[in-house]
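Colleague: Residue numbers (the working numbering): 63 to 558. Ideal Cβ placement from N, Cα and C applies to all residues, glycine included.
(1) Applying the criterion that 16 or more other CB atoms from any shown protein chain within 10 Å of the CB defines a buried residue, is residue 550 buried or exposed?
(2) Measuring straight from C-alpha to C-alpha, what distance separates residue 412 and residue 473?
(3) Identify the continuous beta strand (DSSP E) that holds residue 249 and give its terminal residues.
(4) Less than 8 angstroms separating the beta-carbons of residue 432 and residue 454?
(5) Kindly confirm or deny that the segment 268–282 and the segment 377–388 touch, where touching means at least three C-beta pairs closer than 8 angstroms.
(6) Return the first residue and the last residue of the alpha helix (DSSP H) that residue 214 is part of.
(7) Does the distance from the CB of residue 395 to the CB of residue 126 come in under 8 angstroms?
(8) Considering just the uninterrupted stretch of the alpha helix (DSSP H) at residue 433, what are its terminal residues?
(9) To test your reading of the DSSP string, which unbroken alpha helix (DSSP H) runs of 4 or more residues are found completely within the segment 365–430?
(10) For residue 340, does the three-state DSSP call read helix, strand or coil?
(11) Pull up the distance between the alpha-carbon of residue 119 and that of residue 543, whole angstroms please.
(12) May I have a chain-ordered list of the beta strand (DSSP E) segments no shorter than 3 residues that lie completely inside the segment 74–118?
(13) Among all the DSSP beta bridges, which residues are the ones paired with residue 220?
(14) Nearest CA to the CA of residue 504: which residue from 213, 163, 369, 243?
(15) Going along the chain, which residues of its own chain have a beta-carbon closer than 8 angstroms to the beta-carbon of residue 198, five neighbours each way excluded?
(16) Taking the DSSP output, what are the residues bridged to residue 321?
(17) The alpha helix (DSSP H) that contains residue 140, what's its start and end?
(18) Looking at C-alpha atoms only, which residue of 494, 539, 499 is the closest neighbour of residue 516?
(19) Give the DSSP-derived three-state secondary structure of residue 543 in the structure shown.
(20) Report yes if the CB atom of residue 564 is closer than 8 angstroms to the CB atom of residue 434, and no otherwise.
(21) From what residue to what residue does the beta strand (DSSP E) around residue 284 run?
(22) Going by DSSP in three states, residue 131 sits in which element: helix, strand or coil?
(23) I need the DSSP call for residue 233, collapsed to helix, strand or coil.
(24) Can you name the residues that DSSP bridges to residue 355?
(25) If contacts are defined as beta-carbon pairs under 8 angstroms, then residue 246 and residue 295 qualify, I think. What distance do you get, rounded to the angstrom?
(26) Heavy atom of the ligand NAP less than 7 angstroms from the Cβ of residue 380, yes or no?
(27) Would you mind sorting residue 91 into buried or exposed? The rule is 16 or more other CB atoms within 10 Å of its CB.
(28) Going along the chain, which residues of its own chain have a beta-carbon closer than 8 angstroms to the beta-carbon of residue 485, five neighbours each way excluded?
(29) State the CB to CB distance for the pair residue 97 and residue 209, rounded to an integer number of angstroms; the pair is presumed to be in contact (CB under 8 angstroms).
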């Protein structure tokens, strides 16, 4: 049961994030969903359906109807029109959601997360946020604030929203890391108004100006600046195009920017864009979030980064690296309420999934079925089979294969480590030398210093290596073996 619970929690967090779980329960006439202090009754089958129901009630059905019928609708009204057109399409079939549907769903999920975690009911801040979202001129700047808030909430941070009408200077909110207690003042800036594409990247996006305005505020905590470019352009490949120009602009600002006659303060900088907010009936437009250290040299360093640099950066900035990990993992709203894979929850597979620890009937001698406990299992995707190791009542272990349905294969791809009801280590895809070094470090991080020195005994700098700690030596060894650094002599491979 402990294994099952741990696997369930890991899978749920992969879908829902590290914050407050989705809370709902079924009644005979529908599902009741808890959102902060409110209860919603909805016939929704999926969490996506509920989110669309929720955003309609939260911003107002009458308001949506008015905007959808307008000659120049509010962007959210445009998105709702695209969603309705998609639903009415007789040739819809199975395809990617339109940009309008994706945008409306993202807005709904952001608002749900904010309200579900909200605690400042003694202040009218949530009502003000909704009012600004309904205002066409304030919509995109306010929407960017909801993206930033939702990102920190999914990463498990506790948020305290600041009242911009109060005296003094304020960020959008203060994010507190739940484990370390470190606080961050988060300031959000957005490109809004006419999109002057002919003016070039610097004048069009005005990143330096937005960064300077954010850093000019007198804020009490370590700074995070979230800049939303808000343009319809697709994300350039390999960091080129407008993204490369933005990075170069930030690099110049790092060395030149002055505020009140002094060098600008450091900040964790996130540059984002959601091009799917535009062309609502299309289906193209991948979002982008770029992370940079502004005057923080060992966070998201530009250029070549060694494995040691990567490890030291994680140790120096654990909160921001956990935030980055969450940004990579929690990219879409969950589909199910309870953390199940949607292919299992809504698919055609009738039989219960294979779960480690359960008792099954397996083929025995002479075709007679015998009972056995599933101890471990692995998926052979190309065969569409699961290979299970079963422990029989006569204390033997046998391997039995089970055919998997397409839905089960899809669910396994989504959650390979937890599919069989117990967390199992699955070797991930290695895309570059840093990935390889991190993978090796998990194996050799506790290898004794003596063993590491034996493996590296032929290196010309072996005398320097002997002065290192075990941890420093393990990092160096993985760095050298993965190719992040060029060793001056061949390093022998471990034999055990």
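Modeller: By the coordinates alone:
(1) Reliability fails at residue 550, whose pLDDT of 35 lies under 50, so the model's placement of it is uncertain and no value is given.
(2) Straight-line Cα distance between these residues: approximately 14 angstroms.
(3) Where residue 249 is concerned, the enclosing beta strand (DSSP E) stretches over 245–252.
(4) Annotated as proximal: residue 432 and residue 454, with beta-carbon spacing under 8 angstroms.
(5) No: fewer than three Cβ pairs fall under 8 angstroms.
(6) Run containing residue 214: 201–216, per the alpha helix (DSSP H) assignment.
(7) No. Outside cutoff.
(8) Bounds of any alpha helix (DSSP H) do not take in residue 433; it lies within the beta strand (DSSP E) bounded by 431–442.
(9) 369–378, 380–391, 404–408, all fully within the segment 365–430.
(10) DSSP, reduced to helix, strand and coil, places residue 340 outside both helices and strands of the structure shown, so it counts as coil.
(11) If you take the alpha carbons of residue 119 and residue 543, they lie about 57 angstroms apart.
(12) Correct list: 85–89, 92–97, 100–104.
(13) The partner list for residue 220 (beta bridge, DSSP) reads 238.
(14) Taking only the C-alpha atoms, the option nearest residue 504 is 369.
(15) Hits under 8 angstroms: 136, 137.
(16) Paired residue(s): 324.
(17) It spans 137–150 - the alpha helix (DSSP H) in which residue 140 sits, taken as one unbroken run.
(18) In terms of CA proximity to residue 516, 539 leads the group 494, 539, 499.
(19) Under the three-state reduction of DSSP output, residue 543 falls in the helix class.
(20) Because the chain is modelled from 63 through 558, residue 564 falls outside the range shown and cannot be assessed.
(21) For residue 284, the enclosing beta strand (DSSP E) stretches over residues 284–290.
(22) Correct three-state label for residue 131: helix.
(23) Under the three-state reduction of DSSP, residue 233 is assigned to coil, being neither helix nor strand.
(24) BP columns for residue 355 point to 330.
(25) Taking 8 angstroms as the upper bound for CB-CB distance, residue 246 and residue 295 are not in contact here, some 29 angstroms apart.
(26) Here there are no bound small molecules, and the ligand NAP is not part of this structure.
(27) Its Cβ having fewer than 16 others within 10 Å, residue 91 is exposed.
(28) Excluding residues up to 5 positions away in sequence, 65, 68, 69, 72, 479 lie with their Cβ nearer than 8 angstroms to the Cβ of residue 485 in the same chain.
(29) The pair is not a contact, with the Cβ atoms about 19 angstroms apart (cut-off 8 angstroms).
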